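The block underneath contains the structure these notes are about, expressed in structure tokens.
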Amino acid sequence: MGYSDVSVVVRLSGHHNSIDGFNYFESWLKGIVVANENPLVSVITPTFNRSDFLPESIDSVLAQTYQNFQLIIVDDGSTDTTREVVEPYLTDQRIKYFYQSNQGQSVARNRGISESSGEFICFLDSDNAWLPNKLDRSLLEFSRFPQSDIVYGDGILIDEKSAEIGKNTMKRYSGRITHHLLKDNFVSMNTTMTRRKCFAELGSFNESDRVAEDYELWLRFSTRFEFRYIPEFLSYYRVMENQISSDKIKRLSSNERLLLKFLEQYPDAVTSRQRRQGLSHFYIRKARYEISIKSFRDSIYDIARGINYYPWWQGPWRALGKLLIKR
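Residue 157 in the working numbering sits at position 126 of the sequence shown, with consecutive numbering throughout.
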């Protein structure tokens, strides 16, 4: 990471300031020590029939300004030329390739975790890519905020030709974020870096989930671990034009199922009010999308649920007004 040796002289004055100052300095110094350890970062890339985009993904890892990484590629039963694409890269001892029968992305990611040995774990889907400073910037955030367990940032949207088409910017949060996650999954998987201990303590991906498996993981992790948001672009997220609408509906439906299951399994994760607010926000967000694709019957149902959970919030009533105008 290019950190140089640092000599520090600290002057503390005042009875209370000396205590606060020492605590701050101790935290800061801990961060510098962590940063100087040059930790190994495990990058896990699950792939299935993405030989056309995989080289761009691999190259973006090799181009990182931080080079102490291992790249674990888990081929989930590809039938295209994925193996042939990967083979030239295997001369780099940091890159490992594993083939398995098709079992789904969650199983592939978990295989990658089990084959990895890094102190920190990142995920990069085979049709996406990273900005060159992604690893460096993530480790720097851990050094600045050593109490953090997961760091994440923003993403740039690209099309099938890797041309920029937008930015994935939305309200994101730091700290204990469970009540915020109830409203939306704003943690972008490809921008994250997670301490290995998180998986050791709370488990890996739920292999029964084929859609929105990352949302379930972040909800579960949020009950114990600290998240830290980096307000910078760290990754490129590829958007396939013919998949946008169908994927959105499928993801929203999966998110709903996972959300309700999570609240049942972790009833004390949030307060009653936070639960009602979160569910109201979720159903209104779902209704707004349904209105945009003219699925009016479904939107009426979700607006009603939003009102039922938190009638004091203006969101459901605004969505209802928008629906009436559209119709």
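C-beta atoms are modelled at their ideal positions from N, C-alpha and C, and glycine is treated no differently. Owing to the predicted nature of the structure, the values given are computational and were not obtained by experimental measurement.
Nearest neighbour of Arg251 by Cα position, chosen from Phe313, Asn199, Val72, Asp299, turns out to be Asp299. In the DSSP annotation of this structure, Asn216 is not part of any beta strand (DSSP E), being labelled neither H nor E.
The shortest C-alpha to C-alpha distance from Asn199 to any of Asn133, Lys165, Arg269 is the one to Arg269.
Put simply, the backbone Cα of Asp83 is about 24 Å away from that of Ile144.
Assigned with DSSP and collapsed to three states, Pro86 falls in helix.
For Asn199, there is no enclosing alpha helix (DSSP H); the residue is found in the beta strand (DSSP E) stretching over 195-199.
Its chain contains Val182, Met224 as the residues whose beta carbon lies nearer than 6 Å to that of Ser169, once the 5 sequence neighbours on both sides are disregarded; these appear in chain order. The straight-line gap separating the alpha-carbon atoms of Glu150 and Lys325 is approximately 47 Å. The three-state secondary structure of Thr209, taken from DSSP, is helix. Assigned with DSSP and collapsed to three states, Arg269 falls in strand.
Between Ser253 and Thr209, the gap from beta carbon to beta carbon is short of 8 Å. CA-to-CA, the gap between Val116 and Leu85 works out to about 8 Å. Nearest Cα to Lys292 within the set Glu244, Tyr204, Leu171, Ala94: Glu244. Close CB contacts of Lys281 within its chain, under the 8 Å cut and outside five residues either way in sequence, are with Val242 (chain order).
Looking at the DSSP output, Tyr128 shares a beta bridge with Ile104. Taking a cut-off of 8 Å on C-beta distances, the region 104-124 does not touch the region 188-208, as fewer than three cross pairs fall below it. The Cβ atoms of Ser147 and Gln101 sit closer than 8 Å to each other. Under DSSP, Cys229 forms no beta bridge with any residue.
Rounded to whole angstroms, Trp249 and Val218 show a C-alpha spacing of 8 Å. The C-beta of Trp343 has fewer than 16 other C-beta atoms within 10 Å across all chains shown, which makes the residue exposed.
Here Asn80 has Ser109, Thr110, Asp111, Thr113 as same chain residues with Cβ atoms under 8 Å from its own Cβ, once five neighbours each way along the sequence are excluded. Around the beta carbon of Pro163, a 10 Å sphere encloses fewer than 16 other beta carbons of the protein chains shown; the residue is thus reported as exposed. As the crow flies, the alpha-carbon of Asp107 is around 7 Å from that of Gln134.
DSSP links Pro77 through a beta bridge to Val105. Sequence-distant partners of Lys317 (beyond 5 residues in either direction) whose C-beta falls short of 6 Å from its own C-beta, in its chain, are Leu283, Asp333.
Rounded to whole angstroms, the Cβ separation of Lys165 and Gln95 is 7 Å, and the two are in contact under 8 Å.
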